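Residue numbers (the numbering used here): 1 to 248.
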Amino acid sequence: MKKQIPNALTLLNLLCGSIAVILALNNNFVTAAIFVFLGVFFDFFDGFVARKLNVQSELGLQLDSLADMVTSGLVPGVIMYKLLYLTIDADLTHGNNWEANSYGVDFSLPILPLFGLLITLASAYRLAKFNIDEDQQTYFKGLPTPANALLIIALPLIIEFQNNDAINTIILNKWFLLGLTFLSCYLLNSGIKLFALKFKSYGFKGNATRYIFIILCAVLLIVLQFAAIPIIILLYIIMSVLDNLTSK
Numbered sequence: 001m002k003k004q005i006p007n008a009l010t011l012l013n014l015l016c017g018s019i020a021v022i023l024a025l026n027n028n029f030v031t032a033a034i035f036v037f038l039g040v041f042f043d044f045f046d047g048f049v050a051r052k053l054n055v056q057s058e059l060g061l062q063l064d065s066l067a068d069m070v071t072s073g074l075v076p077g078v079i080m081y082k083l084l085y086l087t088i089d090a091d092l093t094h095g096n097n098w099e100a101n102s103y104g105v106d107f108s109l110p111i112l113p114l115f116g117l118l119i120t121l122a123s124a125y126r127l128a129k130f131n132i133d134e135d136q137q138t139y140f141k142g143l144p145t146p147a148n149a150l151l152i153i154a155l156p157l158i159i160e161f162q163n164n165d166a167i168n169t170i171i172l173n174k175w176f177l178l179g180l181t182f183l184s185c186y187l188l189n190s191g192i193k194l195f196a197l198k199f200k201s202y203g204f205k206g207n208a209t210r211y212i213f214i215i216l217c218a219v220l221l222i223v224l225q226f227a228a229i230p231i232i233i234l235l236y237i238i239m240s241v242l243d244n245l246t247s248k
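This is the structure we're talking about:
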């Protein structure tokens, strides 16, 4: 029975991601972000519980990737699609009249927003590679999909809560969003070695990079709130590169 506990947590991740997709499609980005945060929490916690209970399994690994594909792959792709849609000043309001919207074939979908779904494709490719890569036990090769999802979901949160016109203008610029989309796809599948937040022991020795990173994250979040998330992702990459150079 206990071996199903991590799987149940993974399914909660999938449930949160599915709800987040529905919310994002209805332009409810803030609540969608809440469910993504919950999904990422369950994603971290299911692995932690599996290790503690010593019930890791191939089924759990595959189920985890399938859940991540929704929460950390599909959701950020949809969010980027919606943000790019905003940049072309399109009407995001769709009628609720079933008869008015359910008949015929309509290929009038604008092309630009579809580029956002490249994030979903890149996430799927990254997760597939991760599943067959036996080296990524103590580190990640490329940006993990949950980290990338938090980076993308932070954009509408910054617009909503930071109340900074200059930042909002940058975020809602189609070239910025396209550039971030391509950067995201590259980082997901790059060969950059990034440290994992998995503790084999809790002593400072051997975990200095992790502890320093966590402390800096807390400070940045307190000071900058949601605007800290892109900085944290950049910090994560920089600290990982420096850690790799130091270890060599």
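Just so it is clear, CB atoms sit at the ideal spot from N, CA and C, and this is done for glycine as well.
Please read all numbers here as calculations on a predicted model, not as lab measurements.
Given residue i as reference, the closest of the options once Cα atoms are compared
i	options	result
N164	Q225, F48, V241 and L245	Q225
S123	F213, L143, I111 and G17	L143
F44	L12, N26, I159 and N189	L12
L87	I79, P113 and I159	One point to set straight first is that residue 87 is Thr, not Leu, in the sequence displayed. The candidate whose alpha carbon is nearest that of T87 is P113.
N27	N131, P156 and R51	P156
Y186	V78, I111 and T145	T145
Y139	T246, I192, A196 and L235	A196
I79	E134, G116 and I232	G116
S190	N207, A208 and K141	K141
Between the CA atoms of residue j and residue i - distance to the nearest angstrom
i	j	result
A100	F29	The pLDDT assigned to A100 is 49, lower than 50, so where the model puts this residue is not dependable; a value taken from the coordinates is nonetheless given after this. Near 26 Å, if we compare the C-alpha coordinates of F29 and A100.
F182	T71	20 Å
L59	K3	11 Å
Y211	V219	13 Å
F37	L150	8 Å
Y76	L14	The residue you asked about is not Tyr; residue 76 is Pro in the sequence shown. Roughly 14 Å separates the two Cα atoms.
V55	M1	10 Å
F41	I111	34 Å
I229	I5	30 Å
V49	A166	43 Å
V23	T31	According to the sequence shown, residue 23 is Leu rather than Val. Computed Cα separation, rounded: 7 Å.
L63	G39	14 Å
I119	F35	19 Å
K174	L84	6 Å
Y236	R51	24 Å
A8	L25	26 Å
N- and C-terminal bounds of the beta strand (DSSP E) containing residue i
i	result
L194	K193 to F195
K141	Y139 to K141
Extent of the continuous alpha helix (DSSP H) to which residue i belongs
i	result
P6	I5 to L25
K2	Here K2 belongs to no alpha helix (DSSP H), and DSSP marks it neither H nor E.
I119	L118 to I132
Inset, instruction - Pick out the complete alpha helix (DSSP H) segments inside the segment 156 to 239, 4 residues or longer, and give them in chain order. - result: 165 to 171, 174 to 188 and 208 to 224
Legend entry - Sequence ranges, alpha helix (DSSP H) only - wholly within the segment 46 to 76, length at least 4: 58 to 68
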